[in-house]
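Inspection log for the structure reproduced underneath, given as C-alpha coordinates.
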Amino acid sequence: MQRRFSSKIFVGTPTSSYKRLQLLGANPSGKDLLSIVKDAYIEGETLSLFRFKILFNIVLFFAVSYNVGSKDLEKITIYVDEHPVLVEVVNTPADRARGLMYRKFMGENEGMLFVFPQPEYLSFWMKNTRIPLSIAYFNPDKRITDIHDMKPNQTTELYHSSEKVLYALEVNQGWFAKRKIGKYGVLKIPDRLRAAQ
(Lines of atoms letter the chains of each structure in order from A; the text may use other names.)
(Lines give C-alpha, C1' and ligand atoms only; values in the text may rest on other atoms or scores of the structure.)
Protein backbone atom coordinates (compact mmCIF):
# COMPACT_ATOMS: atom_id res chain seq x y z
CA MET A 782 0.00 0.00 0.00
CA GLN A 783 1.40 3.38 -0.96
CA ARG A 784 1.11 6.40 1.26
CA ARG A 785 1.02 9.93 -0.01
CA PHE A 786 2.56 12.69 2.02
CA SER A 787 1.04 16.09 1.53
CA SER A 788 0.03 18.56 4.18
CA LYS A 789 -0.71 15.63 6.48
CA ILE A 790 1.87 13.43 8.17
CA PHE A 791 1.19 9.76 8.84
CA VAL A 792 1.56 9.25 12.57
CA GLY A 793 -0.55 7.73 15.32
CA THR A 794 -3.55 9.38 16.85
CA PRO A 795 -2.64 11.93 19.47
CA THR A 796 -4.77 10.29 22.13
CA SER A 797 -2.92 6.96 22.03
CA SER A 798 0.47 8.69 22.15
CA TYR A 799 -0.57 11.05 24.93
CA LYS A 800 -1.98 8.17 26.97
CA ARG A 801 1.29 6.25 26.60
CA LEU A 802 3.29 9.31 27.70
CA GLN A 803 1.07 9.69 30.77
CA LEU A 804 1.55 6.03 31.68
CA LEU A 805 5.33 6.39 31.48
CA GLY A 806 5.30 9.12 34.14
CA ALA A 807 7.98 11.74 34.69
CA ASN A 808 11.04 9.67 33.77
CA PRO A 809 10.50 7.66 30.59
CA SER A 810 13.54 5.97 29.08
CA GLY A 811 14.85 6.94 25.66
CA LYS A 812 13.78 3.52 24.39
CA ASP A 813 10.18 4.16 25.51
CA LEU A 814 10.12 7.54 23.80
CA LEU A 815 11.45 6.15 20.52
CA SER A 816 8.86 3.38 20.70
CA ILE A 817 6.05 5.93 20.93
CA VAL A 818 7.24 7.77 17.83
CA LYS A 819 7.80 4.51 15.90
CA ASP A 820 4.39 3.06 16.85
CA ALA A 821 2.70 6.32 16.00
CA TYR A 822 4.12 6.12 12.48
CA ILE A 823 3.24 2.43 12.03
CA GLU A 824 -0.38 3.02 13.10
CA GLY A 825 -0.73 5.08 9.93
CA GLU A 826 -3.31 7.52 11.23
CA THR A 827 -3.24 10.95 9.66
CA LEU A 828 -2.39 13.91 11.83
CA SER A 829 -1.90 17.52 10.88
CA LEU A 830 1.62 18.90 10.80
CA PHE A 831 0.72 21.24 13.66
CA ARG A 832 -0.39 18.36 15.91
CA PHE A 833 2.63 16.29 14.93
CA LYS A 834 4.92 19.15 16.00
CA ILE A 835 3.13 19.36 19.34
CA LEU A 836 3.52 15.61 19.90
CA PHE A 837 7.18 15.75 18.86
CA ASN A 838 7.88 18.62 21.28
CA ILE A 839 6.20 16.76 24.13
CA VAL A 840 8.35 13.69 23.47
CA LEU A 841 11.45 15.90 23.22
CA PHE A 842 10.57 17.65 26.51
CA PHE A 843 10.29 14.33 28.35
CA ALA A 844 13.57 13.13 26.85
CA VAL A 845 15.45 16.31 27.86
CA SER A 846 13.87 16.34 31.33
CA TYR A 847 14.87 12.74 31.84
CA ASN A 848 18.46 13.31 30.72
CA VAL A 849 18.87 16.48 32.80
CA GLY A 850 17.47 14.94 35.97
CA SER A 851 19.04 11.52 35.62
CA LYS A 852 22.60 12.45 36.53
CA ASP A 853 23.48 12.78 40.19
CA LEU A 854 26.08 15.43 40.92
CA GLU A 855 29.02 14.61 43.16
CA LYS A 856 28.49 15.83 46.73
CA ILE A 857 31.40 16.63 49.02
CA THR A 858 32.02 18.66 52.17
CA ILE A 859 34.24 21.67 51.66
CA TYR A 860 35.23 24.50 53.99
CA VAL A 861 35.22 28.27 53.74
CA ASP A 862 37.63 29.31 56.45
CA GLU A 863 36.64 26.78 59.16
CA HIS A 864 32.95 26.58 58.18
CA PRO A 865 31.77 23.33 56.51
CA VAL A 866 29.31 23.28 53.63
CA LEU A 867 28.00 20.23 51.75
CA VAL A 868 28.16 21.10 48.05
CA GLU A 869 27.17 19.63 44.74
CA VAL A 870 30.15 19.98 42.41
CA VAL A 871 29.39 21.28 38.91
CA ASN A 872 32.39 21.06 36.64
CA THR A 873 30.94 20.57 33.14
CA PRO A 874 29.52 23.31 30.89
CA ALA A 875 26.02 21.79 30.94
CA ASP A 876 25.93 21.40 34.73
CA ARG A 877 27.31 24.91 35.25
CA ALA A 878 24.66 26.35 32.90
CA ARG A 879 21.83 24.66 34.82
CA GLY A 880 23.18 25.45 38.28
CA LEU A 881 20.43 25.70 40.90
CA MET A 882 17.62 26.45 38.45
CA TYR A 883 14.17 25.21 39.46
CA ARG A 884 15.23 24.13 42.94
CA LYS A 885 12.69 24.94 45.66
CA PHE A 886 14.83 24.30 48.72
CA MET A 887 18.43 24.02 49.85
CA GLY A 888 19.60 23.03 53.33
CA GLU A 889 21.19 25.57 55.68
CA ASN A 890 24.76 24.35 55.17
CA GLU A 891 24.42 23.22 51.58
CA GLY A 892 25.46 24.83 48.33
CA MET A 893 26.79 24.41 44.83
CA LEU A 894 30.46 24.74 43.88
CA PHE A 895 31.17 25.79 40.28
CA VAL A 896 34.60 24.70 39.05
CA PHE A 897 35.99 26.30 35.87
CA PRO A 898 38.82 25.09 33.61
CA GLN A 899 40.87 28.29 33.77
CA PRO A 900 40.71 31.65 35.57
CA GLU A 901 38.30 34.10 33.94
CA TYR A 902 36.01 37.00 34.68
CA LEU A 903 32.62 35.54 35.56
CA SER A 904 29.06 36.81 35.74
CA PHE A 905 26.09 34.92 37.18
CA TRP A 906 22.38 35.65 36.98
CA MET A 907 19.28 34.19 38.62
CA LYS A 908 17.19 33.04 35.68
CA ASN A 909 14.67 30.40 36.84
CA THR A 910 16.36 30.31 40.25
CA ARG A 911 13.77 30.44 43.03
CA ILE A 912 16.02 30.41 46.10
CA PRO A 913 17.60 33.70 47.30
CA LEU A 914 21.34 33.06 47.08
CA SER A 915 24.69 34.52 48.00
CA ILE A 916 27.63 33.88 45.70
CA ALA A 917 31.34 34.07 46.47
CA TYR A 918 33.98 34.11 43.76
CA PHE A 919 37.40 32.57 44.48
CA ASN A 920 40.67 33.28 42.65
CA PRO A 921 43.18 30.52 41.74
CA ASP A 922 44.70 30.90 45.24
CA LYS A 923 41.24 29.93 46.59
CA ARG A 924 40.65 33.30 48.24
CA ILE A 925 37.37 35.20 48.05
CA THR A 926 37.42 38.15 45.66
CA ASP A 927 33.72 39.11 45.82
CA ILE A 928 30.50 38.20 47.62
CA HIS A 929 27.08 39.16 46.21
CA ASP A 930 23.54 38.66 47.48
CA MET A 931 21.41 37.68 44.48
CA LYS A 932 17.69 38.30 43.98
CA PRO A 933 15.68 35.22 42.99
CA ASN A 934 14.07 34.55 39.63
CA GLN A 935 15.19 37.56 37.60
CA THR A 936 17.38 38.17 34.59
CA THR A 937 17.96 41.91 34.69
CA GLU A 938 20.89 41.94 37.10
CA LEU A 939 24.26 40.28 36.61
CA TYR A 940 26.64 39.56 39.47
CA HIS A 941 30.25 39.98 38.32
CA SER A 942 33.63 38.94 39.63
CA SER A 943 36.05 41.86 39.96
CA GLU A 944 39.01 39.74 38.87
CA LYS A 945 39.72 36.44 37.17
CA VAL A 946 38.42 33.56 39.26
CA LEU A 947 38.44 29.77 39.15
CA TYR A 948 35.59 28.89 41.51
CA ALA A 949 32.16 30.19 42.50
CA LEU A 950 30.17 29.03 45.52
CA GLU A 951 26.40 29.55 45.75
CA VAL A 952 24.76 29.15 49.17
CA ASN A 953 21.58 30.38 50.84
CA GLN A 954 21.45 34.15 51.02
CA GLY A 955 23.21 35.48 54.11
CA TRP A 956 25.30 32.35 54.73
CA PHE A 957 28.62 34.23 54.43
CA ALA A 958 27.43 37.23 56.49
CA LYS A 959 26.15 35.02 59.34
CA ARG A 960 29.59 33.45 59.61
CA LYS A 961 31.43 36.76 59.22
CA ILE A 962 33.16 35.50 56.08
CA GLY A 963 34.38 38.29 53.82
CA LYS A 964 36.92 39.14 51.18
CA TYR A 965 40.05 36.95 51.28
CA GLY A 966 38.22 34.10 53.05
CA VAL A 967 39.85 30.79 52.13
CA LEU A 968 38.23 27.94 50.21
CA LYS A 969 39.41 24.48 51.26
CA ILE A 970 38.67 21.78 48.69
CA PRO A 971 40.29 18.50 47.60
CA ASP A 972 43.12 19.00 45.11
CA ARG A 973 41.49 16.47 42.76
CA LEU A 974 38.61 18.85 41.88
CA ARG A 975 39.08 19.94 38.29
CA ALA A 976 36.77 21.22 35.59
CA ALA A 977 35.85 19.01 32.67
CA GLN A 978 36.55 20.66 29.33
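FYI, the numbering for the sequence shown is 782 to 978, going by my numbering.
Using N, Cα and C, we set each Cβ at its ideal position, and we do this for glycine too.
- The beta carbons of glutamate 855 and valine 866 sit no closer together than 8 Å.
- With a threshold of 16 other beta carbon atoms within 10 Å, methionine 882 falls short and is exposed.
- Alanine 976 carries a coil assignment under DSSP once its states are collapsed to helix, strand and coil.
- With fewer than 16 other CB atoms across the displayed protein chains lying within 10 angstroms of its CB, alanine 875 is exposed.
- A check of alpha carbon separations from glutamate 951 across Glu863, Asp862, Phe905 identifies Phe905 as the nearest.
- Here the alpha carbon of valine 868 sits roughly 15 Å from the alpha carbon of alanine 976.
- With fewer than three CB-CB distances shorter than 8 Å, the stretch 922-938 does not count as touching the stretch 885-894.
- Here proline 921 carries a coil assignment [DSSP, helix/strand/coil].
- Cβ contact annotation for histidine 929 (same chain, cutoff 6 Å, sequence separation greater than five): Ile916, Tyr940, in chain order.
- The beta carbon of arginine 884 is closer than 8 Å to those of Thr910, Arg911, Ile912 in its chain, skipping five residues each way along the sequence.
- The alpha-carbon separation between threonine 873 and leucine 947 amounts to approximately 13 Å.
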